[in-house]
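The structure appears right after this line, and notes come after that.
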Amino acid sequence: MNLSMLSNYLHVLAMSVWVGGMFYIMLVEVPVLRSNLGALDFSKNMTLLGKRFQKVGWILLMLLLITGLSNIMLEDSIADMMKDKNYSMSIAVKMILFMLMVINTAIHTFYLGPKMSSFAEKTSEEGNDDMNAEYAKLKKRSMISSGFSLLLSLVIIYYGLIASRV
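Numbering-wise (our numbering), the sequence shown opens with residue 2 and increments by one.
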């Protein structure tokens with residue numbers, strides 16, 4: 002296996018774990034936890050899951066960036082490929098969408114997650130298991146942010162396929 006093949010393999014593997022992890026959380030974890038736990042326990046468990054997945058997620062995003070750039074640089078005929086409009090546009094769109102996904106993930110990780118976590122702790126200290134309007138808004142924003150990351154990921158995969166067909 003040469004370096005180019007290894008880089009491509011790691012790139013596809015990282016994207017598979019990234020997208021698969023999001024699908025698993027949205028389609029399996031959230032419904033199971035929501036149907037079996039009260040609001041406070043659900044929030045606490047989602048906070049724990051989020052903290053664990055964010056560690057894996059940021060490693061995956063860094064790996065995707067490194068292998069993505071490596072894949073471009075290791076391509077034998079990169080000069081010719083960059084002259085091809087379909088290839089260069091696909092790569093440009095893919096990079097822009099990736100940066101949007103990183104920004105969205107940063108907002109989710111460093112703003113929404115901590116706010117929701119602190120809110121869950123406050124309601125726990127006060128013994129209030131009811132969700133108020135502020136928490137409901139945060140929860141909705143978090144769900145939208147997660148869905149947006151998943152959508153961006155799927156579109157990035159599409160543009161990666163377009164670029165690989167050139």
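No residue lacks a Cβ here, since even glycine has one placed at the ideal position from N, Cα and C.
The model shown is predicted, which means the values in this text are computed figures rather than measured ones.
- Message: Between the segment 148 to 162 and the segment 91 to 107, can you find at least three pairs of beta-carbon atoms closer than 8 Å?
- Response: yes
- Task: Use the C-beta contact count for residue 49: other C-beta atoms within 10 angstroms, 16 or more gives buried, fewer gives exposed.
- Result: exposed
- Can you tell me the Cα-Cα spacing of residue 69 and residue 135, whole angstroms? 39 Å
- Task: With hydrogens ignored, establish whether the beta-carbon of residue 106 is closer than 7 Å to any heavy atom of the ligand MN.
- Result: Looking for the ligand MN in the displayed structure turns up nothing, as the structure carries no ligands at all.
- Check each candidate in 5, 145, 161, 120 and name the one with the smallest Cα separation from residue 87. 161
- Taking all protein chains shown into account, do 16 or more other C-beta atoms lie within 10 angstroms of the C-beta of residue 117, making it buried, or fewer, making it exposed? buried
- Query: How long is the line joining the alpha carbons of residue 144 and residue 76, rounded to whole angstroms?
  - Reply: 38 Å
- Message: So, with DSSP's three-state summary, where would you put residue 39?
- Response: coil
- Message: Rounded to whole angstroms, what is the Cα-Cα separation between residue 72 and residue 8?
- Response: 6 Å
- With C-beta atoms as the reference, is residue 92 less than 8 Å away from residue 15? no
- Task: Output yes or no for whether 8 Å exceeds the beta carbon distance between residue 47 and residue 34.
- Result: yes
- Does DSSP classify residue 3 as helix, strand or coil? coil
- Does the Cβ-Cβ distance between residue 85 and residue 31 come in under 8 Å? no
- Task: Classify residue 76 as helix, strand or coil using the three-state DSSP reduction.
- Result: coil
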